[in-house]
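Notes for the one structure printed next.
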Amino acid sequence: MERFRRYAGDVALAVAVAAMLAVQAVRIADSWGGTYWVVDVVAGAAVCGTVLLRRRGPASTVLGLAVAAATVGAAAYAGLPREPSPAMALSLAVLAAAAVLRRPVRPALGTAGAAVAIIAASWLTGLASGSTAVPAIGALLLGVALAVALPLRLLAARRRATADAVRREERLELARELHDVVAHHVTGIVVTAQAAHIAARRDPALVDDALTDIETAGAEALTAIRRVVGLLRDAADAPSARTEDLRELVTRFAERGPTVRLTLPDGEPDAATSATVYRIVQEALTNVARHAPRATAVTVTVTRDRRGLTVEVTDDAAPARTRRHPGGYGLVGMRERVEALGGTLSAGPRTGAGWSVVATLPAQDPA
């Protein structure tokens, strides 16, 4: 359909220019006599031909502008009928509009500027002889074409920018989801495997329990990844992260790590807030398992007031050099999630010992 419309426009332009050239030839023959009309028809047809070939490359555009400029100069020098004629001006207008719509900025400005210069030169040469009607028609056609093409180009650029922003946000969301899911479960597998090595030296019988835990964590990781894939395929399949999911997360962590004390407010927040709370707690617990292996207790506190929710995750691990300057994608992902809801995030060492992650999430207006 797009190809049909494109070539239908070319056919319409060719028919319109042919009709205009025929009318111009008759009028010139009546008023000027002889074969003065030949130059007008040939030059007008040549410029129209370069317009029809514009998709083959910039050479046709340059050729069309050159023919038009040469014709205007020759007409003024030799005393021929004023150029560009309405037919040629229509072709120039289409050529300039097409460049503004499709070409990069510099070629588009160059083409439009050259077309304006050609019309202006015709106008200036016509002032000397008092004949400005033909340049006025050309200026009108070119002005209308550019007035239509420029807003369309700006609209297309805005749409591209919007699409790029949406794609970037989708990539960031995918990166956050994959990091949150994979890092959490894989960290659990690594910690369990490390514990299995220690247990094997003490009591080989404990290895079976560790292998069972690893198998369970691996199965959970596969399930979580499938949920992420489902989210990518259909947003309606997005996994929920309600209070029970958060309790289950904390329970799984406590089975393989330090004890966790969980405090939650009554009621359920909205879906976006609850999902963000879940990811904050998940990432914070993952960081405890990864960077604070000597932690003995973790506290997860979620409180609500009229301003919104506050999420705080703390541990009692001794200060470690690797935790003084937190980095990586986990903290970045947490901060992006929180800031997307208009909240703030802070993470750093506590006074004395331990680490603290605090996120404030403002109350969300009901949809």
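For the sequence shown, position 49 matches number 48 in numbering that gives the first Met the number 0, and the numbering has no gaps at all. Cβ coordinates follow ideal geometry from the N, Cα and C atoms, glycine included. Because the structure is a prediction, the values reported are computed rather than measured.
- When DSSP states are grouped into helix, strand and coil, residue 159 belongs to the helix group.
- Using a 10 angstroms sphere on the CB of residue 66, the tally of other CB atoms reaches 16 or more, which defines it as buried.
- Apart from sequence neighbours up to five positions away, the residues of its chain that approach residue 68 with a beta-carbon distance below 7 Å are 117, ordered along the chain.
- In the pairwise beta carbon analysis, the region 29-44 is classified as not touching the region 56-64: fewer than three pairs are separated by under 8 Å.
- Around the C-beta of residue 91, 16 or more other C-beta atoms lie within 10 Å, and the residue is accordingly described as buried.
- A check of alpha carbon separations from residue 137 across 122, 147, 126, 150 identifies 122 as the nearest.
- Contact between residue 86 and residue 125 does not hold, since their C-beta atoms are separated by about 17 Å, which reaches or exceeds 8 Å.
- Excluding five sequence positions before and after residue 100, the CB atoms of its chain that fall closer than 7 Å to its own CB belong to 148, 151, 152, given in chain order.
- When the Cα atoms are used, residue 219 and residue 254 turn out to be separated by approximately 14 Å.
- Residue nearest to residue 307 within the set 276, 39, 316 is 276 (criterion: CA-CA distance).
- About 11 Å separates the beta carbons of residue 46 and residue 20, which is beyond the 8 Å limit, so they are not a contact pair.
- Per the C-alpha coordinates, the member of 353, 272, 303, 10 positioned closest to residue 341 is 272.
- In the DSSP assignment, residue 303 falls within the unbroken beta strand (DSSP E) covering 296-304.
- Annotated three-state conformation of residue 335 is helix, per DSSP.
- Taken through DSSP and simplified to helix, strand or coil, residue 262 comes out as strand.
- Residues 272, 307, 308, 340, 342 of the same chain have their beta carbon placed closer than 6 Å to that of residue 360, with the five preceding and five following residues left out of the count.
- Less than 8 Å divides the Cβ of residue 98 from the Cβ of residue 106.
- One thing to note: residue 315 has its Cβ no nearer than 8 Å to the Cβ of residue 300.
- Note on residue 210: under 16 other CB atoms within 10 angstroms of its CB, so exposed under the neighbour-count rule.
- Going by C-alpha positions, residue 349 is about 21 Å away from residue 337.
- Beta-bridge partners assigned by DSSP to residue 31: none are found.
- Here DSSP, grouped into helix, strand and coil, assigns residue 307 to strand.
- In the structure shown, residue 142 adopts helical secondary structure according to DSSP, grouped into three states.
- Secondary structure note for residue 72: its alpha helix (DSSP H) is the uninterrupted segment 57-77.
- Using a 10 angstroms sphere on the CB of residue 23, the tally of other CB atoms reaches 16 or more, which defines it as buried.
- DSSP places residue 84 outside both helix and strand once states are collapsed to three, so it counts as coil.
- Look at residue 347 here: in three-state DSSP terms it is strand.
- In this structure, DSSP gives residue 315 a state outside helix and strand, which the three-state scheme calls coil.
- Following the DSSP letters along the chain, one finds residue 131 in no alpha helix (DSSP H), marked with neither H nor E.
- Around the beta carbon of residue 70, 16 or more other beta carbons sit within 10 angstroms, so the residue counts as buried.
- Under the three-state reduction of DSSP, residue 291 is assigned to coil, being neither helix nor strand.
- Rounded to whole angstroms, residue 52 and residue 282 show a C-alpha spacing of 59 Å.
- Counting only the Cα atoms, residue 154 lies some 10 Å from residue 160.
- Residue burial annotation: residue 247 is exposed, with fewer than 16 other C-beta atoms found within 10 angstroms of its C-beta.
- Distance between residue 11 and residue 18, taken at the CA atoms: about 11 Å.
- If you draw a straight line from the Cα of residue 213 to the Cα of residue 189, it comes to about 8 Å.
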